[in-house]
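Student: Dropping the structure in here first, questions after.
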Amino acid sequence: AMRTPLCASLSLPHDGRKSTIRYTIPEELNVGSVVGNIAKDFGLGIPELYDRKLRIASDGELVVNERIDREELCGESVPCMLPLEVIVEHPLQLHRIDIDIQDLNDNSPSFLTNERFFKIAESITAGAKFTMESAHDPDVASNSLRSYSVSDNDTFLLNVKTQDGTKIPELVLKTSLDREKKAVHKLVLTAVDGGNPARSGTSEITVIVLDINDNAPQFEIQFYDVSVAENTPVGTTVLNVRATDSDQGLNGVIEYFFADQTPDTIMSLLDVDFNTGDITIKGQLDYEQIHLHKFDMMAKDKGNPQMEGQCSIKIKIADVNDNAPENIITSLTSPIPENSSPGMVIALISAKDLDGGENGKVKLIMTPGSPFTLKPSVSNHYALLTNGPLDRETFPEYYVVITAVDSGYPPLSTKKTVTVEILDVNYNPPVFSQPSYTVYVKENGTPASILRSVSASDTDMGENAKISYSILDSKVQDVSVSSYMYINSDNGSIYSMHSQEAKDHGSPSLSSNAIFVSWTRMTMPPLLFTPPLSWPLSPIGRCPGPLKQAISPLRYRQWTQTRAIMPGFPIGWQRPQTRLCSVWIFTQVR
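The sequence shown begins at 1 in the UniProt record's numbering and counts up by one.
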């Protein structure tokens with residue numbers, strides 16, 4: 001029968017129907033192979049039909065028109081479906097045909113390169129892994145790549161790992177290599193799929209054993225741990241690292257370097273001699289900034305390719321008592337009243353030391369002999385308190401020396417002086433320059449002249465030390481003393497005979513008294529007496545006494561005193577030819 005391409009194009013009314021049928025065929029089916037009888041399966045006649053790669057025979061059978069390759073049509077997609085449509089008329093009918101193309105194991109696993117070269121140093125230890133190229137198989141499901149194998153040998157094993165669903169072969173070194181015994185190893189790597197029968201692909205692996213610089217430098221100690229004092233001088237060698245290399249010639253010559261990831265702080269503090277491995281100090285170490293340094297060292301040989309070894313180093317910085325303690329005044333009350341009670345807080349003081357351990361423990365002490373004390377509080381804090389009486393007149397201010405001392409050896413200390421000013425309190429009364437004053441008045445003395453100036457002093461300060469003078473308020477013959485006797489309140493100049501009073505301007509005002517005694521001289525030496533022990537009697541005459549420069553009209557009166565108290569004589573003793581009279585000055589309006 002004549003074979004024609006599958007195609008169909010019919011014009012049908014719009015009242016057609018639709019149905020679906022599915023055929024399953026393997027790929028690579030021979031051209032002309034029958035897929036199915038669509039006329040029979042759909043109950044149709046033999047209309048003209050069309051679709052891709054298939055054709056229909058005159059008896060209604062759907063047959064293969066050309067080679068079907070599942071990998072070309074669908075790649076690795078599963079399932080691989082080929083859809084067709086059949087349209088018939090009278091009546092109009094639309095039929096769908098799905099052809100499921102099954103995979104056949106028609107592809108073998110393959111490698112991109114048929115030969116691969118590896119160079120492996122003979123010093124590589126057993127267990128080292130070397131990744132090989134993966135094979136590719138376009139078949140799917142059970143026909144895809146399933147396993148790898150390597151040709152028999154005494155040196156390598158094969159390991160297969162899976163990554164993202166892909167199988168990756170690895171060569172594993174089973175025993176150590178020795179180039180002198182065998183410089184080249186020839187292997188065959190085989191990839192096998194899961195088809196039946198199975199298909200496979202191969203790649204030749206050539207391993208070249210390197211005899212050049214096959215030993216990396218090895219440090220004698222992997223972890224170095226040393227301690228260095230922070231005051232170690234620049235240029236001091238603190239550590240020597242040493243590595244060995246069993247190779248000969250340049251392959252065994254070692255140079256020392258800081259590892260690439262070494263911090264800049266290490267590079268600024270330390271230096272390494274690349275020939276000897278001596279590590280020396282080139283910067284100032286400081287425990288208070290960094291007390292532990294960690295870094296890695298590299299030992300590299302001069303081989304080609306260059307090989308290297310690594311070690312870790314830890315340098316502890318030992319604290320040295322190189323920081324003096326500090327005492328910080330956080331609060332100060334000054335001046336303080338001289339009547340402050342004991343226990344009054346004057347200042348708060350804190351102590352600190354940048355050193356660590358015993359070197360950083362600080363205590364405060366103060367100079368003894370002052371009316372103050374230090375009381376420890378919390379966490380290196382102290383309170384400066386009063387603990388004795390204060391006297392501004394003796395010590396107007398105190399210089400309290402406070403010393404902060406640490407516990408290092410030798411101990412370091414810092415002194416700070418706290419100045420405490422004492423505020424005056426008015427508790428010192430004025431004091432006259434002498435307890436009593438004696439004034440001699442001439443019988444013909446000029447009225448209103450200065451009889452005497454008195455002076456007093458006050459050890460207080462400021463307003464408390466300002467003094468004003470006044471006369472005690474008293475009376476003579478029922479006449480107030482202030483009416484005929486006065487005193488200059490500023491300078492203490494007096495113009496009469498009587499008890500005097502000096503008063504300061506403090507608050508409260510304090511005062512003291514002085515007794516003034518005067519006599520009128522006649523023909524005998526003066527008779528000493530005080531106003532309370534003398535009194536006027538009846539007048540017996542007048543004493544002429546013109547008053548010059550009188551402030552107010554004055555009169556003189558004279559009384560005869562028949563009884564007088566005299567030193568060495570009994571009371572009432574009458575002395576012949578002696579007349580005593582006392583003269584009082586008073587104001588009288590004519």
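The C-beta atom is built at its ideal place from N, Cα and C for all residues, glycine as well.
Say whether chain B places a C-beta atom closer than 8 Å to the C-beta of CYS74.
Tutor: Chain labels in this structure do not include chain B; a single protein chain is all it has.
Student: Between the stretch 261-273 and the stretch 318-333, are three or more C-beta pairs nearer than 8 Å?
Tutor: Cβ pair count under 8 Å is below three, so no.
Student: Can you tell me which of VAL78, SER77, GLU66 and ARG96 puts its alpha carbon nearest to the alpha carbon of ILE38?
Tutor: Considering only alpha carbons, the answer is ARG96.
Student: For PHE257, which residues in the same chain have their Cβ closer than 6 Å to its Cβ, ignoring the five residues on either side in sequence?
Tutor: Excluding residues within five positions, the ones whose Cβ falls inside 6 Å are MET298.
Student: What's the C-alpha gap between LEU54 and ASN65?
Tutor: The predicted model places LEU54 with a pLDDT of 40, which falls under 50 and marks its position as unreliable; any figure quoted below should be read in that light. Cα to Cα, the separation comes out at about 5 Å.
Student: Starting from the C-beta of CYS74, find all residues in its chain whose C-beta is less than 6 Å away, skip the five residues before and the five after it, and write them out in chain order.
Tutor: CYS80, listed in sequence order.
Student: What is the DSSP secondary structure of CYS74, counted as helix, strand or coil?
Tutor: Helix at CYS74.
Student: Bridge partners of HIS136, per DSSP?
Tutor: Answer is SER110, bridged to HIS136.
Student: Is the beta carbon of GLN218 closer than 8 Å to that of GLY309?
Tutor: Cβ distance < 8 Å, so GLY309 and GLN218 count as in contact.
Student: Given a cut-off of 8 Å, decide if GLY194 and ASN143 are closer than it, judged by their beta-carbon atoms.
Tutor: Yes, the pair counts as a contact, with Cβ atoms nearer than the cut-off.
Student: If you measure between the beta carbons of PHE42 and ILE21, is that distance less than 8 Å?
Tutor: Cβ atoms of PHE42 and ILE21: closer than 8 Å.
Student: Any contact of the stretch 218-238 with the stretch 199-207, i.e. 3+ C-beta pairs under 8 Å?
Tutor: Too few Cβ pairs lie closer than 8 Å, so no.
Student: How many angstroms separate the CA atom of ASP301 from the CA atom of ASP273?
Tutor: Going by the C-alpha atoms only, they are around 15 Å apart.
Student: Give me the Cα-Cα distance between SER489 and MET461, rounded to the nearest whole angstrom.
Tutor: Answer to the nearest angstrom: the Cα atoms are 19 Å apart.
Student: If we ignore side chains and look at the alpha-carbon of each, how far apart do LEU145 and ALA135 end up?
Tutor: Using only the alpha carbons, I get a separation of about 8 Å.
Student: Taking the alpha-carbon positions, what's the LYS314 to VAL241 distance?
Tutor: The straight-line gap from Cα to Cα measures roughly 12 Å.
Student: Rounded C-beta distance between ASN380 and SER350? I'm assuming under 8 Å.
Tutor: Correct: roughly 6 Å between the Cβ atoms.
Student: In terms of residues, what are the limits of the beta strand (DSSP E) holding ASP273?
Tutor: No beta strand (DSSP E) holds ASP273; DSSP gives it neither H nor E.
Student: Taking just the CA atoms, how far does LEU177 sit from ALA121?
Tutor: Cα to Cα, ALA121 sits roughly 8 Å from LEU177.
Student: Roughly how many whole angstroms lie between the Cα atoms of PHE516 and ILE467?
Tutor: For PHE516, the predicted model reports a pLDDT of 47, less than 50, meaning its position is unreliable; a value from the coordinates is still stated below. C-alpha separation (whole angstroms): 19 Å.
Student: How would you call GLU338, buried or exposed, if buried means at least 16 neighbouring beta carbons within 10 angstroms?
Tutor: By the neighbour-count rule (16 or more Cβ atoms within 10 Å), GLU338 is buried.
Student: Considering only C-alpha positions, which residue in the set SER474, ASN327 and TYR427 is nearest to ASP458?
Tutor: ASP458 has its Cα closest to that of TYR427, out of SER474, ASN327 and TYR427.
Student: Please state if the CB of ASN387 and the CB of THR373 are separated by a distance shorter than 8 Å.
Tutor: Yes, these two residues count as a Cβ contact at 8 Å.
Student: Looking only at DSSP bridge pairs, what is ALA318 linked to?
Tutor: ALA229, per the DSSP bridge assignment.
Student: Please report the Cβ distance between ILE422 and ILE336, rounded to the nearest whole angstrom; I am assuming they are in contact, meaning their Cβ atoms lie under 8 Å.
Tutor: Yes, ILE422 and ILE336 are in contact; Cβ-Cβ is about 7 Å, under 8 Å.
Student: Taking buried to mean at least 16 other C-beta atoms within 10 Å of its own C-beta, is THR530 buried or exposed?
Tutor: Note on THR530: pLDDT 42, under 50, position unreliable in the model; no value is reported.
Student: With 16 as the cutoff for other CB atoms within 10 Å, does SER340 come out buried or exposed?
Tutor: Buried: at least 16 other Cβ atoms inside 10 Å.
Student: Does the stretch 173-190 come close enough to the stretch 147-161 that 3 or more CB-CB pairs lie under 8 Å?
Tutor: The stretch 147-161, when compared against the stretch 173-190, does touch it at the 8 Å Cβ threshold.
Student: Please classify ARG67: is it buried, with 16 or more other beta-carbons within 10 angstroms of its beta-carbon, or exposed?
Tutor: Looking at its Cβ environment, which holds fewer than 16 other Cβ atoms inside 10 Å, ARG67 is exposed.
Student: Are residue 591 and LEU84 close, meaning C-beta to C-beta below 8 Å?
Tutor: Nothing about residue 591 can be read from this structure; the chain reaches only from 1 to 590.
Student: Taking the CB atoms as reference points, tell me whether GLU133 and SER203 lie closer together than 8 Å.
Tutor: Their beta carbons are under 8 Å apart, which means GLU133 touches SER203 by this criterion.
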